[in-house]
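Protein chains in written order, with our numbering: chain R, 1282 to 1594; chain A, 115 to 927.
Here's the structure we're looking at; comments come further down.
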Amino acid sequence: MSNLESLKLELKNLGKEYAKLKTLEKTERKAFGEKINQKKNELLKKIAEEEEKLESGALEKIDLSAPFGINESPISFKKGTVHPLSRELALVSKIYSDMGFDVIESRQLDDEFHMFESLNFPAGHPARDGYDTFRTEEGFIPPAHTSTMQYRALTRFRKNLDAGENIAVVVPGRVFRNEDVDATHEHTFYQCEGIFVSKTASLSQLLGTWKNFFETYYGEKLNIKTQPGYFPFTEPSLEFLIEKPKALGGNGWLEMGGCGMIHPNVLKIAGIDPEVYKGFAFGGGIDRLVMLKYGITDVRYFESGKLEFLKEF
Amino acid sequence: MLISLNELKKLTKIALSDAELFDLIGSRLVEIESVEDLSKKYKNIWIVKVETCEKIEGTHLSRCEISCPGKSETPIQVVCGAPNVRAEMLAVWIAPGAIVPATFGGENFEIGSRKLRGFESNGMLSGLDELALGDDHSGIVEIDPAFAKPGDSFAEKFDLNDKIIEVENKSLTHRPDCFGLIGFAREIAGILGEKFEEPSLNFELLPEDFNNKEEVSIETDPTLCEKYSAAVFEVSKTNLKTALEADSFLTTDAVFLVKAGMRSINKIVDATNITMLLTGQPLHAFDYDKFLAVGKTDFPKIGVRLARPGEKLTLLDDKEIELEKSDILITSNDAPVALAGAMGGKSTEIDENTKKIILESATFSLYNLRKTQMAHGIFSETITRFTKGQPAAGTVPALARCSALLLDSPEKISALKVSASSASNLAPISVSLEEINSLLGSTYSAEQVIRTLDNVGIELLEKSDDSLRFKVPAWRTDLKIKEDIIEEVGRLLGYDNLSLAFPTRSFKASKTDEILSLASSLRSLLSENLGFNEILTYSFVSEALLKKVNLDPENSYKIINSISPELQRFRTSLLPSLLEKSYENLKSGFKDFTLYEINQISEKSFGLDEDGVPVLKKSLGLVSINSSFYFEKAVLKEIASFLDLDLELRPLSSHSFFEPLRSAEIFADNLPLGVFGEFKNSVLKNFKLSAPVSGLSLDLETVSNLLKNKKSAAKTLKLSRFPFVSRDLTLRVAAETPFETLEKSLNETLKNERLVYELSPVSIYQNKNNREGKNISFHLSFAAENKTLNSAEISAIMEKITKNLAELGAEVV
């Protein structure tokens, strides 16, 4: 009889012991019952161990420290990658979305009206030259900034205002500037634009909102400062800087983009009464956020399609 | 733009430390790109007298003894190679231990004492180039003994203990006034909270009805030139010397110009440039006699007009240019003499024989000048200022100032002529304190606002209970609406002093564009579940790349000012770029990978949208190396099940880069969604790739619309809690029988029986020696929704399956 069989027999016999319970005095029953129970549990545990032993016995022992079995191929799961810019755009959009901004994407081909006219750049004004725009034979423009979507965002969400709500939209997207490529310059890059319109929008709200975005993004309290700027589509116009976050080693200031109160002409062109509604807008680059985050020193990696770069993410 | 701190300090009181001032400028006026401390650059450089000078025989060198009282009580020996070195002259000596200014900030070359031809040479006598004050290398710099004495510090005498601020021009695009030192200093006073004292300009009150002794006529087009003023006067011979020529003395004016990034030409041209740097108003001087000769007139007949077709002009830099129809010309009796606002003409250039000049101070249409700037590539200090829109009101004061630099009395001006201009009256601006504070989110008092604006010359005209009315100063043509005034208040008082706030919002959930969300889900499927790699590539591609995949470049939008032919066409497909990058990665040693990109494409045949701009489509492109049609089909199946889309595949009769025999078109609800399959061998060859390479292209716009319309139909779950029956089924069919007919038959039968089931293909087998038939095996498991199937019922189901398949010529083996 195997060890297991004898244990099982013992368990069966133990069952018969229960019958004795009835013959005992009531006062003794409890102690007797407990004793049998304890014995039963011990037996069950032993049986389980024996059963386990029996099952494993059929198996060969393997080297648990080896990465794969004898005569087997190395095991690997293919690891895919999402482009770091896509990932950051998604993260940035998510934060703005959590803050209450709708998200729409920017266009990669646009025209003079959206890129300049609707943004209060007078026709032929030298300020248009600051954007180094590309042009197609037909006069279309691969936009040089995501502000090219302001008019569309304002007109598309204008109905919010009639319903007593705000316009709050961010526009991530790819933009283009006609400049030579080097480690810090790309003709193709990403921006994210923010647009907010309400009856009470103010510059201090703009600064508070954008500061909050960067604090959420970096997960720490930040100091901010501004520099006066010039954009025909905002008045006042500012450049926005944050103190370098501790996560990036601290020390110094980082220029994060331009911002300002939406110029009354821009609201007017979009059919919004600037005497009733005020707005603010802000916009900055995404590539730089990624470069800072991962210590990337050459912007050209982004559009290189190199797997050795992408596999780092 | 380069600005001298010392010059600012001459114009306004600055009590702050330099560092504090720079911070304040940055936060309230303009970004400072860099600050150069010249005192370090010009340290230990002295004005010395050459006491003796002897040629060293057989060389071009001279052995000199110089005196530099204060620095050394005994003569110092220096060997000098300059041809103009001579005894008695005052020169500039870079002492041993000093850094040669031209190398400062670079290699920082420290001059020492060394032997030259056996003679000890201590330090060096310096030329303009070594002092980084010009390009001249023909001799050493000579100093006017009436101006300095031996032992004087060079930096002190020439105002080089200075800091040069480089500011970012772009943010001052709307501020022509800040392109002059006076305007910049006014802003400094403003941000310091001080009232700016306007400097007096000499001859400032030149009357417009000046007592003209000779005739001058001006004919302008006010749309091209709002105001044109000209003064005519004789100039002395000394005015014509080049301050930087080796035979003349170095002047403080020359150094002033160098500090602003310009260079000295001669006293007349220098006077125009110095005036421009001070006031922001550019000026130009013509040689009077040459001007008359070109126009063949006996008095100046000045004209301003647009260039005519075919007209040419040789400019001061000796280049002859073909004029554009938008170029504004200055003419002498209709003959072009200058490209207005940009550059003077060669034919009226000031030279050593000039006796009399016509001094011009005018404004020109910045719209035309912008085109001129672009067409001829002229980016001078002059045109930079003109394109900011210098106010017409500044022309005559600048003319007066410049004349005063060249003349000691206004009486010496023989004629002054000002074109009749539409006196541009800048409209006053009204704004309420409430509007200011609500837009800024501030709590400024009326007094604070009024004082702040008054400091920079924006005077209060009228104050009522709910409105402040301000006069716009002549130099602030950019101030037009109340927001402009609010900006000035916010800026001058410091945006950084505003307390921060949040907008209020409702609890309404925000929405993200469906295509963005779709792209984001696809990324997680493709990268995280399937192990693919997302790449991003340029939206612009070469015509050659499109041709490699047989796409017609003419169907793509062409960039006319592209950086290179590589970036000339807006891409009509993502796949060519993916094929290109696949090859590069193969070359780098990667194997068996899939690259994908989600991006916008367009082609002319898509047409224009309701805004009149090209229709763009968000597309998914995917390329798998060493993968067949079936791999891509499996990928597509994953996508379809992930998105819960029913896809239909239709054969492809022809395609520019997919092999029709091994690809298919993707449909859903009869809408084409894209194409997938293997690339043509001829296409792969163009990319140096070898077959099989498969790819997929999906129009996410259409997919997103399908998903949107689907949302309403709630999904009904098909589950059974009864036991499943498993069967393996092998079918013998003719070789040409399509798999899908068998699959369809099985699905129909199982559905008709109201079963919950799973059908998976296991193998497709064909004997190499008998290609007439093939065996297809399925694994099938099914259960009834409401009961346990008994063996009779199971047999009945299997019989139905067999019978239906038999109708298709399939035999169950």
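Glycine included, every Cβ here is placed at the ideal spot set by N, Cα and C.
(request) Using DSSP bridges, identify the partner residues of V847/A. (result) Position 733 of the second sequence, counted from the first residue, corresponds to residue 847/A. Answer is K888/A, bridged to V847/A.
(request) Tell me whether A360/A sits in a helix, a strand or coil according to DSSP, three-state version. (result) To locate residue 360/A, count along the second sequence from 1; it is residue 246. Below a pLDDT of 50, predicted positions are generally treated as unreliable, and A360/A, at 42, falls in that range; no measurement from the model is reported.
(request) Could you name the residues of chain A that T1507/R contacts, counting a contact when the two beta carbons are closer than 7 Å? (result) By one-based count along the first sequence, residue 1507/R stands at place 226. Result: S141, Y609 and D610.
(message) Per the DSSP calculation, Y1515/R is bridged to which residue(s)?
(response) In the first sequence, residue 1515/R corresponds to position 234, counting from 1. The question names Tyr, but residue 1515/R is Thr in the sequence shown. Answer is I1543/R.
(message) To the nearest angstrom, how far is the alpha carbon of H1468/R from that of M488/A?
(response) Mapped onto the first sequence, residue 1468/R falls at position 187. Mapped onto the second sequence, residue 488/A falls at position 374. Their backbone Cα atoms lie some 20 Å apart in a straight line.
(request) Give me whichever residues DSSP pairs with G241/A in a beta bridge. (result) Translated into positions along the second sequence, residue 241/A becomes position 127. According to DSSP, which records beta bridges pairwise, G241/A is partnered with I254/A.
(message) Measuring straight from C-alpha to C-alpha, what distance separates K531/A and G417/A?
(response) The count along the second sequence starts at 1 and reaches residue 531/A at position 417. The count along the second sequence starts at 1 and reaches residue 417/A at position 303. If I take the Cα positions, the gap works out to 12 Å.
(message) I'd like to confirm the pairing. Which residues does DSSP put opposite K935/A in its beta bridges?
(response) Lying before the first or after the last residue shown, residue 935/A is absent from chain A, which here runs from 115 to 927.
(request) Kindly say whether D598/A, judged by its beta-carbon, lies nearer than 8 Å to any beta-carbon of chain R. (result) To locate residue 598/A, count along the second sequence from 1; it is residue 484. Yes, contact with chain R.
(request) Would you kindly report the start and end of the unbroken alpha helix (DSSP H) that includes I180/A? (result) On the second sequence, position 66 is the one that residue 180/A refers to. Counting along the chain, I180/A falls outside any alpha helix (DSSP H), though it belongs to the beta strand (DSSP E) covering S176 to C182.
(request) Determine the burial state of Y1377/R: buried for a count of at least 16 other Cβ atoms within 10 Å of its Cβ, exposed for fewer. (result) Taking the first residue of the first sequence as position 1, residue 1377/R is located at position 96. Around the beta carbon of Y1377/R, 16 or more other beta carbons lie within 10 angstroms, which makes this residue buried.
(request) Identify whether E1398/R lies in helix, strand or coil by the three-state DSSP scheme. (result) Here residue 1398/R is taken as the residue at index 117 of the first sequence, counted from 1. In the structure shown, E1398/R falls within a helical segment according to DSSP collapsed to helix, strand and coil.
(message) Let me confirm a value: E1286/R is counted as buried when at least 16 other C-beta atoms fall within 10 Å, else exposed. Which label applies?
(response) To locate residue 1286/R, count along the first sequence from 1; it is residue 5. The residue is exposed, with fewer than 16 neighbouring Cβ atoms inside 10 Å.
(request) Pull up the DSSP beta-bridge partners for Q1486/R, would you. (result) The residue given as residue 1486/R occupies position 205 in the first sequence. According to DSSP, which records beta bridges pairwise, Q1486/R is partnered with nothing at all.
(request) Step through the CB atoms of chain R and report whether any lies within less than 8 Å of the CB of H490/A. (result) Position 376 of the second sequence, counted from the start, is the residue given in the question as residue 490/A. Output row for H490/A: interface = no.
(request) Apply the 10 Å Cβ neighbour rule to Q880/A and answer buried if 16 or more other Cβ atoms are within range, or exposed otherwise. (result) As a first step, residue 880/A must be located in the second sequence, where it is residue number 766. When all chains shown are included, Q880/A counts as exposed.
(request) Ignoring anything shorter than 4 residues or poking outside the region 1360 to 1395 of chain R, list the alpha helix (DSSP H) runs there in chain order. (result) 1365 to 1380
(message) Suppose you measure from the CA of L358/A to the CA of S252/A; what does that come to, to the nearest Å?
(response) Here residue 358/A refers to the residue found at position 244 when the second sequence is read from its first residue. Here residue 252/A refers to the residue found at position 138 when the second sequence is read from its first residue. The predicted model places L358/A with a pLDDT of 47, which falls under 50 and marks its position as unreliable, so this point remains unresolved.
(request) Could you tell me which chain R residues have their CB closer than 7 Å to the CB of L553/A, listed as they occur along the chain? (result) Reading the second sequence from its first residue, position 439 is the one you call residue 553/A. Going along chain R in sequence order, the residues near L553/A (Cβ under 7 Å) are S1483, L1484, M1542 and K1559.
(message) Strictly under 8 Å for the Cβ-Cβ distance: is E1446/R near chain A by that measure?
(response) For the purposes of this step, residue 1446/R is taken as the residue at position 165 of the first sequence. At least one chain A Cβ lies under 8 Å of E1446/R.
(message) I want to verify the contact list: residues of chain A whose CB lies under 8 Å from the CB of Y1511/R, in sequence order.
(response) The residue given as residue 1511/R occupies position 230 in the first sequence. Here the neighbours are K284, S285, L286, T287, H288 and R289.
(request) Taking a Cβ distance cut-off of 8 Å, strictly less, list which residues of the region 1471 to 1502 of chain R are near chain A, in chain order. (result) F1477, S1479, T1481, A1482, S1483, L1484, S1485, Q1486, L1488, G1489, T1490, K1492 and N1493
(message) For L1400/R, would you say it is in contact with chain A, using Cβ-to-Cβ distances shorter than 8 Å as the test?
(response) For the purposes of this step, residue 1400/R is identified with residue 119 of the first sequence, where counting begins at 1. Residue contact check for L1400/R against chain A: no CB pair falls below 8 Å.
(message) Tell me the DSSP secondary structure of V927/A in three-state form.
(response) Translated into positions along the second sequence, residue 927/A becomes position 813. In this structure, V927/A counts as coil in the three-state DSSP scheme.
(request) Could you check if R142/A is buried or exposed, using at least 16 other CB atoms within 10 Å of its CB as the buried criterion? (result) As a first step, residue 142/A must be located in the second sequence, where it is residue number 28. Label assigned to R142/A: buried.
(message) Residues of chain A with CB closer than 9 Å to the CB of S1374/R, please, in chain order.
(response) For the purposes of this step, residue 1374/R is taken as the residue at position 93 of the first sequence. Simply T626, L630 and S634.
(request) Report yes if the C-beta distance between S1483/R and L554/A is below 8 Å; otherwise report no. (result) As a first step, residue 1483/R is located in the first sequence; it is residue number 202 there, counting from the start. As a first step, residue 554/A is located in the second sequence; it is residue number 440 there, counting from the start. Yes, the pair counts as a contact, with Cβ atoms nearer than the cut-off.
(message) Just to make sure I have the definition right: I need the residues of chain R whose C-beta is within less than 8 Å of the C-beta of F853/A. Which are they?
(response) Walking along the second sequence from the start, residue 853/A turns up at place 739. Ordered by position in chain R, no residue passes the 8 Å Cβ test against F853/A, which lies about 27 Å from the chain.
(request) Taking the CB atoms as reference points, tell me whether Y697/A and F772/A lie closer together than 8 Å. (result) Your numbering for residue 697/A matches position 583 in the second sequence. Your numbering for residue 772/A matches position 658 in the second sequence. Cβ atoms of Y697/A and F772/A: not closer than 8 Å.
(message) Out of P1348/R, L1591/R and L1522/R, which one is the CA nearest neighbour of E145/A?
(response) By one-based count along the second sequence, residue 145/A stands at place 31. Answer by Cα proximity: L1522/R.
(request) Assign V1319/R to one of two classes, buried (16 or more other C-beta atoms within 10 Å of its C-beta) or exposed (fewer than that). (result) Position 38 of the first sequence, counted from the start, is the residue given in the question as residue 1319/R. Looking at the sequence shown, residue 1319/R is not Val but Gln. Exposed: under 16 other Cβ atoms inside 10 Å.
(message) Nearest by alpha-carbon distance to A898/A: which of L636/A, L843/A, V839/A and S267/A is it?
(response) Within the second sequence, numbered from 1, the residue matching residue 898/A stands at position 784. Considering only alpha carbons, the answer is V839/A.
(request) Have a look at the DSSP bridge pairing and note the partners of N647/A. (result) In the second sequence, the residue the question calls residue 647/A occupies position 533. According to DSSP, which records beta bridges pairwise, N647/A is partnered with T1362/R and L709/A.
(message) Rounded to whole angstroms, what is the Cα-Cα separation between D249/A and M238/A?
(response) Position 135 of the second sequence holds residue 249/A. Position 124 of the second sequence holds residue 238/A. Answer to the nearest angstrom: the Cα atoms are 18 Å apart.
(message) Relative to the C-alpha of R776/A, which candidate in N861/A, L787/A and N795/A has its C-alpha closest?
(response) Translated into positions along the second sequence, residue 776/A becomes position 662. It is N795/A.
(message) Short of 7 Å in beta carbon distance, which residues of its chain neighbour A360/A, apart from the five on each side in sequence? Order them along the chain.
(response) Residue 360/A sits at position 246 when you count from the first residue of the second sequence. Residue placement at A360/A is poorly supported in this model, since its pLDDT is 42, which falls under 50; the coordinates still yield a value, given next. These residues qualify, in order along the chain: N198, D250, S252 and G253.
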